[in-house]
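Let me begin by presenting the structure, written as structure tokens, before commenting on it.
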Amino acid sequence: AVAGTLATTADIPAAFSLVFDAASVVGQNSTTATSYTALGGPAVTVVTGTKALVAITGWLHNPTLYGGAYAGYDVSGATTIAASDSNAARVSIAANSVIRFTTLHLVTGLTAGSNTFTMKYKVTNGTGYFQERQIFVQDMGS
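So the sequence shown is residues 17 to 158, counted in our numbering.
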């Protein structure tokens with residue numbers, strides 16, 4: 017871009033993609049599962065290169081004393097990556113703590129192509145409650 021002018025899409029390098037998608041689940045769901053489960057998503061499918069920026073957000077709650085609640089995501093399609101604690105938001109403190117979370121991850125090592133990113137949930141014990149969940153995925157090229 018030239019000084020004094022606004023950047024346009026013509027100023028974006030060809031290697032940078034504007035491919036992204038987002039989805040949300042408004043209602044509340046719960047689980048007692050101690051391994052990651054879908055709870056109806058949300059999920060998005062994006063054609064990516066080998067990198068993508070993933071943001072997840074929502075509310076976590078586990079009323080069990082020291083009960084943990086985790087929200088993460090997995091990837092399926094061209095790439096398979098299981099949901100794991102390393103990409104999850106979590107709460108594991110005194111009973112009746114409700115946490116609003118947002119996490120942002122740069123995922124590398126994807127297989128280029130159509131990849132589906134699905135939010136997944138689990139607890140350490142008790143019942144976890146999850147609501148107003150959203151996932152946003154931005155292709156970051158190769």
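Glycine is no exception: its CB is placed at the ideal position from the N, C-alpha and C atoms.
Continuous beta strand (DSSP E) stretch holding residue i: start and end
i, result
"Ile151", "Gly144 to Asp155"
"Ile115", "Val114 to Thr124"
Beta-carbon separation (whole angstroms), residue i vs residue j, contact threshold 8 Å
i, j, result
"Tyr137", "Gly129", "Wrong, their Cβ atoms sit about 26 Å apart, outside the cutoff."
"His77", "Ala87", "About 11 Å separates the two Cβ atoms, so there is no contact after all."
"Thr134", "Ala68", "Between Ala68 and Thr134 the Cβ distance is about 13 Å, and since that is not below 8 Å, they are no contact."
"Ser108", "Tyr82", "7 Å"
CB contact flag (residue i, residue j, <8 Å)
i, j, result
"Met93", "Thr50", "It should be pointed out that residue 93 corresponds to Gly in this sequence rather than to Met. It is not a contact, given that the beta carbons lie outside the stated cut-off."
With a threshold of 8 Å, are at least 3 pairs of Cβ atoms found where one atom belongs to the stretch 142-157 and the other to the stretch 34-42? Counting C-beta pairs with one atom in each stretch, the stretch 142-157 and the stretch 34-42 have three or more that are closer than 8 Å, which means they touch.
Is the stretch 98-107 in contact with the stretch 38-49, if contact means three or more CB pairs nearer than 8 Å? The stretch 98-107 and the stretch 38-49 do not touch, with fewer than 3 CB-CB distances between them shorter than 8 Å.
Mind listing, in chain order, the continuous beta strand (DSSP E) runs of no fewer than 3 residues lying wholly within the stretch 38-81? Runs of the beta strand (DSSP E) inside the stretch 38-81: 59-64 and 67-77.
Between the stretch 138-153 and the stretch 60-74, are three or more C-beta pairs nearer than 8 Å? When Cβ pairs closer than 8 Å are counted between the two stretches, the stretch 138-153 is seen to touch the stretch 60-74, the count reaching three or more.
Please determine if the stretch 52-61 and the stretch 112-122 are in contact, where contact requires at least 3 C-beta pairs separated by less than 8 Å. The stretch 52-61, when compared against the stretch 112-122, does not touch it at the 8 Å Cβ threshold.
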